Each structure stands twice: as structure tokens, then as C-alpha cells.
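Asker: Next up is a structure, given as C-alpha cells.
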Amino acid sequence: PGTCEAVTLRVNPIRKVVNLLQQMQKKVTEEGEAEAELYAKFECYCKHGAKNLTDSIAAAEEKIEALGAETKASVERKAKLEEELKQHKADREAATKA
Numbered sequence: 009p010g011t012c013e014a015v016t017l018r019v020n021p022i023r024k025v026v027n028l029l030q031q032m033q034k035k036v037t038e039e040g041e042a043e044a045e046l047y048a049k050f051e052c053y054c055k056h057g058a059k060n061l062t063d064s065i066a067a068a069e070e071k072i073e074a075l076g077a078e079t080k081a082s083v084e085r086k087a088k089l090e091e092e093l094k095q096h097k098a099d100r101e102a103a104t105k106a
């Protein structure tokens, strides 16, 4: 039991603590690097995402105005065509009676 061989077979408690601390340090460093990468991506999104959203909103507002004008023109054209249709039906009926 007091031999050198018995001592080397047992794990040194200080070595265990040192190994544990080294593993923890490695894990914390890896997590820090991953978090830094995510933060960089988020920062990039914040810088460029806001501009993209602003541009998209402006384009959509322009499109809304254009579609509103197009809808108004279509409604007016429909009313005109309905009026012409009534006139043509009246002309056809008058022609069939004559």
C-alpha cells in the first residue's frame, strides 16, 4: 500500500481539479466564441435589416397608390362598359321590333 506504484494508480485529487478547470475553461471559451459570432450576425441584421425593411415599406406604399389609381380606372371603365351594354341592348331590342 505504501509503494510508489499504488500512488500512481490513484488519481491525484489536485490533478482532477486542474483537469476539470481546464475543461471548464475550454467550454467557456467555445461558448464565448459562438456567442460572439451570433452577436456579429445580429448586429449585421440590425444594421442592414432596418434599411431593407424601410425600402420594402416605401415600395409597398408606392404600389398601393398605383393599385388604387388602377382600381379607380377599372371601376370607371366598367361603368362605361355597362352603360354601353345597356345602350346596345336597347338598340338591339328596337331593331328586332322594327
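If you use this note's numbering, the sequence shown closes out at 106, no skipped numbers anywhere. Glycine is no exception: its CB is placed at the ideal position from the N, C-alpha and C atoms. This structure is a prediction, so every number in the text was calculated from the model and none was measured.
Which of helix, strand or coil does DSSP assign to Val-25?
Answerer: Residue state, collapsed to three classes: helix.
Asker: Using a Cβ-Cβ cutoff of less than 8 Å, which residues in the same chain neighbour Lys-86 once the five nearest sequence positions on both sides are dropped?
Answerer: none
Asker: Using the C-alpha atoms, what's the distance from Glu-39 back to Lys-194?
Answerer: Absent from the model: residue 194. The displayed extent of the chain is 9 to 106, so no value can be given.
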